[in-house]
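The structure appears below as C-alpha cells.
2 protein chains.
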Amino acid sequence: MEKVTRAEVFRLHAQICKALADPSRLLIVVELRHGSRTVGELSRAIGAAQPLTSRHLAVLREKGIVRAERDGTFVRYSLPDRRILAAIDLLLDVLATQLARQGLRSSAARRLRPALRSA
Amino acid sequence: MEKVTRAEVFRLHAQICKALADPSRLLIVVELRHGSRTVGELSRAIGAAQPLTSRHLAVLREKGIVRAERDGTFVRYSLPDRRILAAIDLLLDVLATQLARQGLRSSAARRLRPALRSA
DNA sequence: TGCGTCTATCCGCATATCCGTATCTGACGA
DNA sequence: TCGTCAGATACGGATATGCGGATAGACGCA
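Residue numbers (my numbering), protein chains in the order written: chain E, 1353 to 1471; chain X, 1353 to 1471.
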C-alpha cells in the first residue's frame, strides 16, 4: 500500500474545501440532502443558468462530492457520502454561533463588510 | 432579532469554506489543534515565509476561525471553536475513503492529475 | 530615545476563478 | 435519420487570489 505524502493530503483536502467554497455549490449540496436531482431541477433550485449549474456540478463531481448517473435524457445527481453534509452542518453551526455572538443587529452592514475587522 | 437572509448565510458559509480551502491554512489549523502558537512557530511549522503566514492568519482571523492575542512581542494564535477541527476531520475522512476506494496505487499520477476524471 | 525582534501590511505581477454566451454531445421519439 | 430536449463544454473578459519582496508598525529593553 503506497504512501500518499502529507503535503498531498493537505492539497487534496484543500481542494475539497475549495469545491464547497461557493454559495451556489453549497446550495446544490444542501438541495441534494433530501434526494437526487436532475441538473434542471438544481438549476431552478439555486436560481442559476443551466451552463453555470453544470459547471458547478462538474467541480463537485471532480472532487467526488456528488455522483452523476444518466436517467434517459436526464442526469441525476446525488450525494455518495453524507459526511459532507455533516461537515457543512458543523461549519454552519460555527457560523450561527459567530452571528449570535456578534448580535444580529446589522445584517445589512455585515453584508457590505464581508470580513470581521481584527478587533 | 433581525433576519439574516438565506443568501447571506450561504455566502458567509462559503467564505468560511474558502478560508479553509488552502493547504497552508489547513496546516495552520491542524497545528493549532494541540494548543496556541506564535506566528513564528506557525511559520516554521508550515514552512512558509513570515509575511505569507501572517496573511494566511489574517484570512483565518477575519472569518473567526482563529483568535489572536498579544503576548509581549509575540502574537499567539488559537482556535476559539473546536467544531472547525471536527468539520476538517470529517472532510479528511471523506478524502481517506475516496483514496481507499480508488486504490492508492498511483499517488504520483494523482499528483499530476488533480481532478478525478468524470468516470 | 534608540535598537532589535516579532508581526502586519503594501505593492506588483502571475495565475486562477467566475459567469454569460455560444456551441457541442448524447438520448429519445417520430 | 432528423428534430428536440437535457446536459456538457468552449471561449473570453472581468474580477479575485496567490505569492515574493519591501516596508511599516508594535513591543520590550538598554
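Idealized CB from N, CA, C, for every residue including glycine.
Any C-beta of chain X under 8 Å from that of residue i
{"i": "E/F1362", "result": "yes"}
{"i": "E/L1394", "result": "no"}
{"i": "E/V1381", "result": "no"}
{"i": "E/R1435", "result": "yes"}
{"i": "E/D1445", "result": "yes"}
{"i": "E/H1408", "result": "no"}
{"i": "E/T1449", "result": "yes"}
{"i": "E/F1423", "result": "Correcting the residue identity first, residue 1423 of chain E is Asp in this sequence and not Phe. Taking Cβ atoms only, chain X never reaches closer than 8 Å to E/D1423, which makes this a no."}
{"i": "E/V1356", "result": "yes"}
{"i": "E/L1431", "result": "no"}
{"i": "E/L1442", "result": "yes"}
{"i": "E/L1372", "result": "yes"}
{"i": "E/R1428", "result": "no"}
Residue-chain proximity (residue i, chain E), Cβ-Cβ < 8 Å
{"i": "X/A1401", "result": "no"}
{"i": "X/V1391", "result": "no"}
{"i": "X/A1397", "result": "no"}
{"i": "X/L1378", "result": "yes"}
{"i": "X/L1412", "result": "no"}
{"i": "X/G1387", "result": "no"}
Range of the contiguous beta strand (DSSP E) that encloses residue i
{"i": "E/V1427", "result": "1426 to 1430"}
Opening and closing residue of the alpha helix (DSSP H) in which residue i lies
{"i": "E/R1453", "result": "1435 to 1454"}
Residue i - DSSP class collapsed to helix/strand/coil
{"i": "X/A1471", "result": "With a pLDDT of only 28 at X/A1471, under 50, the local geometry of the prediction cannot be trusted, and no value is derived from it."}
{"i": "X/R1457", "result": "The pLDDT assigned to X/R1457 is 46, lower than 50, so where the model puts this residue is not dependable, and the model offers no usable value."}
{"i": "E/T1405", "result": "helix"}
{"i": "E/R1381", "result": "Note that residue 1381 of chain E is Val in the sequence shown here, rather than Arg. Looking at E/V1381 - three-state DSSP - the assignment turns out to be helix."}
{"i": "E/A1373", "result": "coil"}
{"i": "E/A1400", "result": "coil"}
{"i": "X/V1356", "result": "coil"}
Identity of the residues DSSP links to residue i by a beta bridge
{"i": "E/E1421", "result": "E/R1428"}
{"i": "X/T1390", "result": "X/R1428"}
Distance between beta carbons of residue j and residue i, contact taken as under 8 Å
{"i": "E/L1394", "j": "E/I1380", "result": "6 Å"}
{"i": "E/V1427", "j": "E/V1391", "result": "6 Å"}
{"i": "E/F1362", "j": "X/P1375", "result": "4 Å"}
{"i": "E/D1433", "j": "X/V1446", "result": "5 Å"}
{"i": "E/L1306", "j": "X/H1365", "result": "The shown model of chain E, from 1353 to 1471, leaves out residue 1306 of chain E, and the question about it has no answer."}
{"i": "X/L1451", "j": "E/V1356", "result": "6 Å"}
{"i": "E/A1420", "j": "E/Y1429", "result": "6 Å"}
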